[in-house]
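Numbering (the working numbering), first residue to last: 20 to 188. The beta-carbon is built from N, C-alpha and C at its ideal position, and this holds for glycine as well.
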Amino acid sequence: MEVPEEALDFANGVIKGIKRAWLQNPENKDKPLSVTIPAEINGTPVTSIGQNAFKARNAGLENHPQVAAVDFSNATHLEKIDNQAFMYSPVASVDLSNTKVKTIGKFAFSQCTALREVILPSNLTELASSVFTDCKHVESIRLKSSPEGVVFELPEGLTTIGYQCFKNC
20 MEVPEEALDF ANGVIKGIKR AWLQNPENKD KPLSVTIPAE INGTPVTSIG
70 QNAFKARNAG LENHPQVAAV DFSNATHLEK IDNQAFMYSP VASVDLSNTK
120 VKTIGKFAFS QCTALREVIL PSNLTELASS VFTDCKHVES IRLKSSPEGV
170 VFELPEGLTT IGYQCFKNC
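In structure tokens form, the structure reads like this:
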């Protein structure tokens, strides 16, 4: 089920999650969700995905978002994915190649056990601690420009790889 842009909780350039009322609507509750991250909302650039924004467990909600698909192809102003943003989510692939993401925070995709493919942005400078911890089914983490067959490549400008960033991948 596609989450409409107006259902995104957004302020000051940060997507904080999905509005509680939309998530708790019986028509939307407990369904696999698809989220498209736009370039801007109401004229304000989307620059960050906030802490716990799409975390699928323990985020203080009665029912947690089950984001099975996320589309970053229009997120051209996005610079940061904060701590635990997608933790436990059933997302299968993440393509950040059209973004300006420089920082991916702690545990951002940790425990995403359905995650298979990650395409990192070329300007990424920081992967914090435990970003991909326990993503047990990852088949590739690479760049869009990676040669055919490459399953692991990191951006040249990456300066920080946090503790246990790829533990149990």
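Restricting to Cα atoms, I'd like to know which of the options is closest to residue i.
i, options, result
"L115", "L173, H156, H83 and G62", "L173"
"I56", "L97, E136, N71 and D49", "L97"
"Q130", "G69, V54, K48 and P109", "P109"
"K125", "V150, I37, N47 and V137", "V150"
"E175", "K74, S164 and G181", "S164"
"D90", "I180, S112 and T132", "S112"
"V54", "E24, Y107 and W41", "E24"
"A30", "N47, W41, R39 and N61", "N61"
"E59", "Q43, A127 and I34", "I34"
"F105", "D28, A88 and K38", "A88"
Would you decide whether residue i is buried or exposed? Buried here means 16 or more other CB atoms lie within 10 Å of its CB.
i, result
"F171", "exposed"
"H156", "exposed"
"Q103", "buried"
"D49", "exposed"
"G168", "exposed"
"N71", "buried"
"P51", "exposed"
"T132", "exposed"
Tell me, which residues are paired with residue i by DSSP?
i, result
"T63", "I60"
"D90", "T55"
"T122", "K99 and E145"
"S159", "E136"
Do you know how far the Cα of residue j is from the Cα of residue i?
i, j, result
"Q183", "H83", "26 Å"
"T63", "E21", "21 Å"
"A92", "V120", "This sequence places Ser at residue 92; Ala is not what is there. Approximately 12 Å between the Cα atoms of the pair."
"G32", "I68", "9 Å"
"T66", "P45", "31 Å"
"T1", "I100", "Lying outside 20 to 188, the shown extent of the chain, residue 1 is not represented and no answer is given."
"T179", "T95", "23 Å"
"K74", "I123", "14 Å"
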